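The numbering of the sequence shown is this note's numbering, which starts it at 127 and goes up by one. We put the CB at the ideal spot given by N, CA and C, even for glycine. It should be emphasised that the depicted structure is a prediction, and the values quoted were computed from it without experimental measurement. Structure record follows, encoded as structure tokens.
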Amino acid sequence: MVKRPRWLVKGTWKIRKPPKLEANKKAMNIQCKVCMQSFMCTTSEVKCKEHVEAKHPKADIVTCFPHLKK
Ligand SMILES: [Zn+2]
């Protein structure tokens, strides 16, 4: 991200901060139970699997992501 120059911030026209960060936080509702890393709620099972294989090769995918339990 590029920082806005001071003169631009102090300008007469309003710069509204998009509530993107907050939205991102809310979207992060999948969490690996082993390393507590957060993932987007849109993260697919494949991505979760990739995480388990990369970070916790000895752990079961359900151990890391219980929501994937069938
Ligand atoms: Zn993990």
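Euclidean distance between Cα positions of residue i and residue j
i	j	result
Ala185	Val178	7 Å
Cys174	Arg142	35 Å
Met154	Pro131	31 Å
Leu194	Ile187	8 Å
Thr168	Lys181	20 Å
Given residue i as reference, the closest of the options once Cα atoms are compared
i	options	result
Glu171	Arg130, Gln157, Arg142	Gln157
Cys161	Cys167, Lys173, Val128, Phe191	Phe191
Lys159	Glu176, Thr189, Arg142	Thr189
Residue i CB to nearest heavy atom of ligand 2 below 7 Å
i	result
His193	Summarising the ligand content, the structure contains ligand 1 and does not contain ligand 2.
Limits of the alpha helix (DSSP H) - the one that residue i falls within
i	result
His182	His182 -> no alpha helix (DSSP H), and no H or E assigned at all.
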